[in-house]
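*Asks:*
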Amino acid sequence: MSQLPARLGLSDLATAARGSGVVSALEVIVYQGQRQLRHSVARVIETHLGAVDLLVAYEGIDLSPLRMSLERGQIEPLHKALDAARFSRLRDQPGLSSDESPLWLVQRATGAHLHGIILAPNKPEPPFSRIVNAIDACLPAALRELPLR
117 MSQLPARLGL SDLATAARGS GVVSALEVIV YQGQRQLRHS VARVIETHLG AVDLLVAYEG
177 IDLSPLRMSL ERGQIEPLHK ALDAARFSRL RDQPGLSSDE SPLWLVQRAT GAHLHGIILA
237 PNKPEPPFSR IVNAIDACLP AALRELPLR
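Quick note: the sequence shown uses our numbering, first residue 117, plus one each step.
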């Protein structure tokens, strides 16, 4: 799952977070275990100038990643939810198996610090449910599903 961004031609998140003017980077990798839907990577980059960009790439689609500009107010509730869930101290959601579908790898990077967890959005266990709900509410375009065809 963690190799998906490289397979899609994206730099790793730590490198993106160290880019010129970048304040923080957040990434959600969606792994579809049953393979009826495409795996995807959504990345949010925030800069010192106040720009917030969302980049979404899907496995198996030979197009450039989709790019969208977001308002800072759109992403702020997500940061608050991650902080309230104590994201930087969380470990992977317990009791997950590779049969779970979907699985999310949620990573946040600021400067040289990178932290990520794996969770199942279909298992509503706190504090993971708080993170899932915030991503659903703040980044709906990041979770758009594309079927395999």
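Where is the CB? At the ideal position from N, CA and C, for every residue including glycine. Please read these numbers as outputs of a predicted model, since none were measured by experiment.
1) Just checking my contact of Gly176 with Arg154 at CB under 8 Å: how many whole Å lie between their CB atoms?
2) Curious, which full-length alpha helix (DSSP H) runs of at least 4 residues does the segment 211-254 contain?
3) Looking at the unbroken alpha helix (DSSP H) that takes in Asp178, where does it start and where does it end?
4) For a test of the three-state rule: what should DSSP assign to Ser156, helix, strand or coil?
5) May I ask you to verify whether the segment 132-142 touches the segment 223-230, counting CB pairs closer than 8 Å and requiring at least 3?
6) Under the rule that 16 or more other beta-carbon atoms within 10 Å means buried, what is Leu179, buried or exposed?
7) For the beta strand (DSSP E) containing Ala141, list its first residue and its last residue.
8) If distances are taken between C-alpha atoms only, which option among Tyr174, Gln209, Ala122 comes closest to Pro237?
9) What do you reckon, are the CB atoms on Ser217 and Gln150 nearer than 7 Å?
10) Once you ignore the five residues that flank Thr163 on each side, which residues in its own chain have a CB closer than 7 Å to its CB?
11) Apply the 10 Å Cβ neighbour rule to Ala253 and answer buried if 16 or more other Cβ atoms are within range, or exposed otherwise.
12) Check Ser204 in the structure and name its three-state DSSP category.
13) Assign Ser204 to buried or exposed, taking buried as 16 or more other Cβ atoms, counted over all protein chains shown, within 10 Å of its Cβ.
14) Can you give the beta carbon distance from Leu221 to Gly211, rounded, assuming they're within the 8 Å contact cut?
15) According to DSSP, simplified to helix, strand and coil, what is Asp128?
16) Tell me the rounded alpha-carbon separation between Arg202 and Gly189.
*Replies:* For this structure:
1) 6 Å
2) 244-254
3) Looking at the DSSP string, Asp178 is not in any alpha helix (DSSP H), and its letter there is neither H nor E.
4) strand
5) yes
6) exposed
7) 138-147
8) Gln209
9) yes
10) Gly137, Val138, Val139
11) exposed
12) helix
13) exposed
14) With 8 Å as the limit, Leu221 and Gly211 do not qualify as a contact, their Cβ atoms being about 17 Å apart.
15) coil
16) 21 Å
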